[in-house]
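Chains A and B, in that order, are what the protein sequence lines are. Take the position in the first sequence, starting the count at 1, then add 124; the result is the number in my numbering. Take the position in the second sequence, starting the count at 1, then add 54; the result is the number in my numbering. Read through the structure below, which is laid out as structure tokens, and then see the notes.
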Amino acid sequence: MPSLKKILVYLAALAIAVYCIAPIYSLVIISLMDVRDVVAGNVIPVNANINAYLRILGYDVVGPYGPLRAYGAYEGLLRGLTNIMIVAPIVMVITILATVPASYALGRLRVRGKTFLILALLASRSLPPVSVALPYFFLFSQIGLRTSLLGIIIVHLTITIPIITWVLTGFFSALPRDLERAARIDGCSRSGAFLRVVLPMAAPGIAASAVIAFLFSWNDFFFSWLISQGTPAATYNAQLSGFFNFQNEPAMFAAAVTLQVILAAIVAAVLQKYIVKLRIVDPGAVVIEQ
Amino acid sequence: MKLSDTAYALLLTIPLIILILSVNIYPIAYSFWLSLNDVSLLKRSIEFIGLQQYVKAFSDSVFKNSVIISIRFVAESVLLIVFLSVGIALVLNEKIRGLPILKVLVILPWALSEFAVAIAGRFFLDRNYGFLNALLLSLGLVKEPLYFLNPLNAVDWLAIFFAWNVSPIGAYFILSALQTVPEDLYKQARVDGASAFQRFRMVSFPFIRYSVLITAVLATILSASSVVLFFALTGGGPGFASTPVTLYAFRVYFNAQDFGYGAALSWLLLLSVIVASVVYFRLLTRRR
């Protein structure tokens with residue numbers, strides 16, 4: 125006989141599962157149905173098909189209610205997909221290469237002015253995107269960065285580097301110190317102890333940080349759209365705004381968004397076990413410990 | 055040469071700060087300068103007018119309305135996010151079957167971009183082809199499709215979808231803190247006859263205090279800066295009913311092309327976010 129508490133916990137777990145899935149489910153089923161079946165109010169896909177996906181990839185199809193033309197701007201969409209597949213991994217790699225040494229130093233060494241350094245880094249992260257939007261737009265137009273992927277990469281780095289430094293600083297400071305101390309006593313240099321002892325221990329945290337940096341870049345709509353829209357450097361998200369002119373084609377819009385979500389969802393699902401390991405238990409401790 | 059720890063840290067950190075500041079200082083300074091001018095694209099003129107744009111903001115009824123909407127949105131979002139994050143974390147901390155699957159489901163909303171969340175929200179709430187209406191109709195709970203994104207409730211729905219997107223990461227932060235609570239403490243509390251709520255209050259809460267606070271910090275900064283969700287879910291409407299300061303500043307910039315006034319609005323926004331961040335940072339670094 126299960127206890128009342130067990131029943132309540134399972135009910136709560138079920139509610140959480142439904143809550144997390146419902147909006148994604150509604151997006152996916154709309155991408156799988158003809159607009160007529162959608163408007164008819166079906167909550168389970170009727171005449172389910174992948175026509176919308178084929179159409180945004182540039183194929184004409186025959187739907188349940190007759191032939192349908194390919195999405196007119198599919199070439200831009202595919203170019204956008206290629207662009208973000210170049211941008212996001214580069215942002216991820218540079219972020220990790222830049223932040224791991226810095227957060228190691230801030231998290232584990234006795235540093236004077238640590239609070240100020242962390243604050244200086246974080247301050248720029250709290251800038252509302254709208255506040256920097258127009259100047260970015262002007263500046264990047266003037267120096268020709270709007271039409272190159274480099275512009276988007278730089279903007280993304282200014283956001284991922286502060287946030288990952290902060291996350292990793294907390295992570296590094298929470299790792300046990302005995303092994304490192306022993307290595308230093310045995311004659312390892314600071315860098316040697318870092319590479320041979322601390323880095324292997326930190327691998328899960330670094331993996332989680334890499335995921336966060338990748339997903340930020342992959343998911344960014346505002347800056348990508350603002351800077352690259354209408355240029356050859358336009359990313360997938362920037363191209364998605366084109367669907368605002370297709371209000372009577374919900375299936376293609378939903379399919380295009382789902383396509384963007386799928387990779388992000390897979391990456392997050394596979395690596396979620398590392399995210400718990402980040403242990404942002406006591407972010408204040410990094411500063412307090414001094 | 056042997057570097058001290060401080061020098062070593064500075065060597066690794068200063069280049070990052072320089073990179074980030076050099077990319078950010080110009081935009082901020084430039085927008086401040088813009089905010090002191092009246093920029094007219096039509097007349098191709100820039101006229102220095104001091105703080106008049108800021109004075110204008112305080113007599114602009116749309117701006118005042120947008121401030122109220124921002125405050126309402128941030129308050130609702132932060133409350134929802136903290137409540138949901140703690141709730142989800144507590145369930146994920148139980149020993150239940152199917153836990154690995156539940157953990158994956160929970161992280162999914164976080165993997166969606168703000169834009170994808172907005173579009174999912176749109177398809178969920180739309181009057182014509184929305185999922186929620188279709189569900190309510192097919193269950194016979196309503197006779198007519200409901201108009202969810204009405205002037206009264208649009209902001210609430212935006213906050214709900216924002217919280218849907220952000221609470222998974224809050225839940226994960228809090229879960230990782232919950233897992234540091236020694237099992238013995240729970241046992242001891244149970245022996246002492248503490249109720250479930252008392253156990254949470256006396257045993258778990260001290261361990262998760264800081265994760266809850268950091269979740270609230272992130273929720274505040276992110277929700278106050280959020281613009282894409284509004285832009286893509288409601289477009290700020292109906293009318294200006296769901297236009298927060300961020301979207302209003304954006305519209306003044308890019309639709310009205312009144313760069314001076316838009317810059318002034320975005321500076322007011324920036325100042326309020328800085329004030330909030332400083333308050334929070336003091337809370338976080340206060341000695342226990």
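For glycine and all other residues, C-beta sits at the position ideal for the given N, C-alpha and C. Here the structure is a predicted model, which is why all the values come from computation and not from measurement.
- Bounds of the beta strand (DSSP E) holding A:GLY190 are 190 to 192.
- Beyond the five residues adjoining it in sequence on each side, A:TYR398 comes within less than 6 Å, by CB distance, of PRO328, ALA331 and ALA332 in the same chain, given in chain order.
- Contact annotation, A:TYR189 with A:ARG160: C-beta distance approximately 6 Å; criterion of less than 8 Å satisfied.
- Chain B places a beta carbon closer than 8 Å to that of A:ASN343, counting this residue as a contact.
- For B:VAL235, the nearest beta carbon of chain A is not closer than 8 Å to its own beta carbon.
- Using a CB distance below 7 Å, the part of the segment 149 to 171 of chain B facing chain A consists of ILE150, LEU156, LYS157, VAL158, LEU159, VAL160, ILE161, LEU162, PRO163, TRP164, ALA165, LEU166, SER167, GLU168, PHE169 and ALA170, ordered along the chain.
- For a Cβ distance threshold of 8 Å, nothing in chain A lies close to B:LEU133: the least Cβ distance comes to about 16 Å.
- Sequence-distant Cβ neighbours of B:ALA231 in its own chain, meaning closer than 6 Å and more than five residues away, are PHE261, ILE262 and SER265.
- By the criterion of a C-beta distance shorter than 6 Å, B:ARG181 is surrounded in its chain by PRO199 and TYR201, once the five residues flanking it on both sides are discounted.
- A Cβ-Cβ distance of about 7 Å is found for the pair B:PHE117 and B:LEU319, placing them in contact under the 8 Å criterion.
- In this structure, B:VAL136 places its C-beta atom within 8 Å of the C-beta atom of B:THR269.
- The criterion of a C-beta distance shorter than 8 Å is satisfied by A:TYR360 and A:LEU201.
- Within a 10 Å sphere around the beta-carbon of A:PRO191 sit fewer than 16 other beta-carbons, which makes this residue exposed.
- C-alpha of B:ILE74 to C-alpha of A:PRO252: approximately 15 Å in a straight line.
- Proximity of B:LEU191 to chain A, defined by a Cβ-Cβ separation below 8 Å, is satisfied.
- Interface flag for A:ARG234 against chain B is set, since a Cβ pair is found closer than 8 Å.
- In terms of CA proximity to B:LEU179, A:LEU151 leads the group A:GLY366, A:LEU151 and A:LEU241.
- Given a length threshold of 4 residues, each whole run of the alpha helix (DSSP H) inside the segment 138 to 176 of chain A is given here in chain order: 159 to 163.
- B:TRP211 is outside the set of residues whose beta carbon lies under 8 Å from a beta carbon in chain A.
- Between the alpha carbons of A:ALA139 and B:LEU159 lies a gap of roughly 12 Å.
- Beta-bridge annotation (DSSP): B:ILE100 is paired with B:VAL93.
- Inclusion of A:PRO286 and B:TYR84 in the CB contact set at 8 Å is not warranted, their separation being larger than that value.
- Taking a Cβ-Cβ threshold of 7 Å, the residues of chain A close to B:ALA303 are VAL254, in chain order.
- Those residues of the segment 87 to 113 of chain B placed with their C-beta closer than 7 Å to a C-beta in chain A do not exist.
- For A:VAL186, the enclosing beta strand (DSSP E) has its first and last residue at 185 to 187.
- Leaving aside the five residues that flank A:PRO169 on each side, the residues in its chain whose CB is nearer than 6 Å to its CB run, in chain order, ILE153, LEU156 and MET157.
- A direct Cα-Cα distance of roughly 30 Å separates B:SER277 from B:LEU153.
- Between the beta-carbon of B:ALA225 and that of B:LEU133 there is about 15 Å, and that puts the pair past the 8 Å contact cut.
- Apart from sequence neighbours up to five positions away, the residues of its chain that approach B:PHE216 with a beta-carbon distance below 7 Å are SER131, SER277, SER280 and LEU283, ordered along the chain.
- Interface annotation for the segment 377 to 400 of chain A against chain B: PHE377, ALA378, VAL381, GLN384, VAL385, ALA388, ALA389, VAL391, ALA392, ALA393, GLN396, LYS397, ILE399 and VAL400, criterion Cβ-Cβ distance under 8 Å.
- Think of a sphere of 9 Å around the beta carbon of A:ARG314: the chain B residues whose beta carbon falls inside it are LEU57, ASP59 and TYR62, in chain order.
- Shown here, A:GLN384 sits in a helix according to DSSP, grouped into three states.
- In the DSSP assignment, B:GLN311 falls outside any alpha helix (DSSP H), carrying neither H nor E.
- Just so you know, the alpha carbons of A:TYR195 and A:LEU181 end up roughly 7 Å apart.
- At least one C-beta of chain B is nearer than 8 Å to the C-beta of A:ALA137.
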